[in-house]
């Protein structure tokens, strides 16, 4: 039978850290990736806790993610959501069944769960099918226009407005927007609500933005490419608002390689506030999205739904917060030539 020492050796961390992670010690300062690696290793080695009698699970919660496991590692926003769900379930004796939408048999895996959390973006057809399969369902990070279905989303409108208020407040009048395209169903483009809020804000405040909108994917490499596109075009805005921290990291790398300094020559604001944001060069000013708490609240709400069977669905928006670090600078000039 596997021991904590076996898990520590396989995961490459200390036995003390493994013990604290398996016992859901929230005071342990460890990255979501390391925490998840330990949990996955424990499952793979069929680790079973000793020293206390087993307790029957209250119920089984299913998790379906639209991201693949590889994509989840590249952008840990969705990893944090799942970590919030799993930490809540671990501390409340709730069994978990997890699958990805990319798995061939994902519907079969979820057919016997008591309730269901869907993380990410789903087509209307998928939403309808999942609801018919399990009406005790909740969607995270996606609004669903159905009064039977509960949802929790970040307040993107307030988040974008706060970031742009900050940039305009320190003198920026030409602001770019880097985002990623996301598709659901049969190549149906899912609209980025942040882009609409960004455009509406810029129009209302007479900002210059149209030459500086770039769309790729939510990856570091795409942020790099988007920045290079602007550099090759010969003009840059004074600031960039990136729809994810990985996009911002890629943009910073491209600007640095071309001798364009951040923040001295161009300011950058990210979105998500993933763990690496505070360690980038320079540390990234970014919008902190409540991904982990969104997961915890989602699991808590489903537990309540199973117990109380309330009528109306819950439609919840969680506030985001701008975290100011060192990637932005107040300016007087409005345009940089490259």
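Numbering (the UniProt record's numbering), first residue to last: 1 to 338.
Where is the CB? At the ideal position from N, CA and C, for every residue including glycine.
Since we're looking at a predicted model, the values are computed, not measured.
How far does the alpha helix (DSSP H) with residue i in it reach, from first residue to last?
{"i": "residue 304", "result": "291-308"}
{"i": "residue 222", "result": "220-233"}
{"i": "residue 19", "result": "15-22"}
{"i": "residue 168", "result": "156-169"}
DSSP three-state call for residue i: helix, strand or coil?
{"i": "residue 89", "result": "helix"}
{"i": "residue 243", "result": "coil"}
{"i": "residue 272", "result": "strand"}
{"i": "residue 100", "result": "strand"}
{"i": "residue 287", "result": "strand"}
{"i": "residue 38", "result": "helix"}
{"i": "residue 252", "result": "helix"}
{"i": "residue 32", "result": "helix"}
{"i": "residue 127", "result": "helix"}
{"i": "residue 190", "result": "strand"}
{"i": "residue 198", "result": "helix"}
{"i": "residue 109", "result": "helix"}
{"i": "residue 84", "result": "helix"}
{"i": "residue 215", "result": "strand"}
{"i": "residue 132", "result": "helix"}
{"i": "residue 209", "result": "coil"}
{"i": "residue 53", "result": "Because residue 53 carries a pLDDT of 41, less than 50, the predicted location of this residue cannot be relied on, and no value is offered for it."}
Could you compute how far the alpha carbon of residue i sits from the alpha carbon of residue j?
{"i": "residue 232", "j": "residue 250", "result": "16 Å"}
{"i": "residue 125", "j": "residue 83", "result": "27 Å"}
{"i": "residue 133", "j": "residue 178", "result": "37 Å"}
{"i": "residue 164", "j": "residue 198", "result": "8 Å"}
{"i": "residue 30", "j": "residue 38", "result": "11 Å"}
{"i": "residue 104", "j": "residue 306", "result": "28 Å"}
{"i": "residue 236", "j": "residue 77", "result": "28 Å"}
{"i": "residue 96", "j": "residue 111", "result": "13 Å"}
{"i": "residue 155", "j": "residue 5", "result": "43 Å"}
{"i": "residue 99", "j": "residue 196", "result": "32 Å"}
{"i": "residue 16", "j": "residue 300", "result": "29 Å"}
{"i": "residue 176", "j": "residue 260", "result": "15 Å"}
{"i": "residue 169", "j": "residue 138", "result": "38 Å"}
{"i": "residue 22", "j": "residue 304", "result": "25 Å"}
{"i": "residue 45", "j": "residue 215", "result": "42 Å"}
{"i": "residue 63", "j": "residue 135", "result": "14 Å"}
{"i": "residue 41", "j": "residue 113", "result": "24 Å"}
{"i": "residue 48", "j": "residue 280", "result": "38 Å"}
{"i": "residue 18", "j": "residue 218", "result": "31 Å"}
{"i": "residue 143", "j": "residue 150", "result": "9 Å"}
{"i": "residue 187", "j": "residue 14", "result": "44 Å"}
{"i": "residue 309", "j": "residue 255", "result": "53 Å"}
{"i": "residue 234", "j": "residue 28", "result": "47 Å"}
{"i": "residue 202", "j": "residue 209", "result": "7 Å"}
{"i": "residue 89", "j": "residue 298", "result": "11 Å"}
{"i": "residue 36", "j": "residue 109", "result": "21 Å"}
{"i": "residue 349", "j": "residue 7", "result": "Here the chain covers residues 1 to 338 and nothing more, so residue 349 does not appear."}
Among the candidates the options, whose CA atom is the shortest distance from the CA of residue i?
{"i": "residue 230", "options": "213, 195, 217, 314", "result": "213"}
{"i": "residue 148", "options": "40, 314, 33, 91", "result": "314"}
{"i": "residue 193", "options": "226, 92, 121", "result": "121"}
{"i": "residue 247", "options": "286, 209, 259, 265", "result": "286"}
{"i": "residue 59", "options": "99, 20, 7, 116", "result": "116"}
{"i": "residue 278", "options": "136, 224, 205, 327", "result": "327"}
{"i": "residue 61", "options": "317, 321, 318, 302", "result": "302"}
{"i": "residue 181", "options": "276, 174, 142, 191", "result": "191"}
{"i": "residue 200", "options": "274, 189, 211, 157", "result": "157"}
{"i": "residue 162", "options": "330, 324, 329, 332", "result": "324"}
{"i": "residue 282", "options": "269, 309, 35, 34", "result": "269"}
{"i": "residue 253", "options": "87, 9, 225, 234", "result": "225"}
{"i": "residue 34", "options": "211, 80, 166, 128", "result": "80"}
{"i": "residue 296", "options": "223, 2, 85, 258", "result": "85"}
{"i": "residue 43", "options": "275, 129, 10, 32", "result": "10"}
{"i": "residue 207", "options": "173, 284, 130, 7", "result": "173"}
{"i": "residue 205", "options": "309, 167, 20", "result": "167"}
{"i": "residue 32", "options": "65, 87, 7, 66", "result": "87"}
{"i": "residue 241", "options": "184, 159, 293", "result": "159"}
Name the two residues that bound the continuous beta strand (DSSP E) containing residue i.
{"i": "residue 5", "result": "Per DSSP, residue 5 belongs to no beta strand (DSSP E); it is in the alpha helix (DSSP H), 4-11."}
{"i": "residue 116", "result": "115-119"}
{"i": "residue 45", "result": "Taken as a continuous stretch (DSSP letters only), residue 45 belongs to no beta strand (DSSP E), as it is neither H nor E."}
{"i": "residue 62", "result": "60-65"}
{"i": "residue 331", "result": "Note, residue 331: premise wrong, no beta strand (DSSP E); not H, not E."}
{"i": "residue 179", "result": "175-180"}
{"i": "residue 323", "result": "321-323"}
{"i": "residue 138", "result": "137-140"}
{"i": "residue 316", "result": "315-318"}
Am I right that residue i and residue j are in contact with their C-beta atoms under 8 Å? What's the rounded C-beta distance?
{"i": "residue 267", "j": "residue 227", "result": "Wrong, their Cβ atoms sit about 13 Å apart, outside the cutoff."}
{"i": "residue 123", "j": "residue 102", "result": "No, residue 123 and residue 102 are not in contact; Cβ-Cβ is about 14 Å, not under 8 Å."}
{"i": "residue 75", "j": "residue 244", "result": "6 Å"}
{"i": "residue 289", "j": "residue 265", "result": "The Cβ separation is near 27 Å, so there is no contact."}
{"i": "residue 152", "j": "residue 316", "result": "5 Å"}
{"i": "residue 321", "j": "residue 263", "result": "About 20 Å separates the two Cβ atoms, so there is no contact after all."}
{"i": "residue 171", "j": "residue 332", "result": "6 Å"}
Answer with yes or no whether the minimum CB distance from residue i to chain D is below 9 Å.
{"i": "residue 151", "result": "Note that chain D does not occur in the displayed structure, where there is just one protein chain."}
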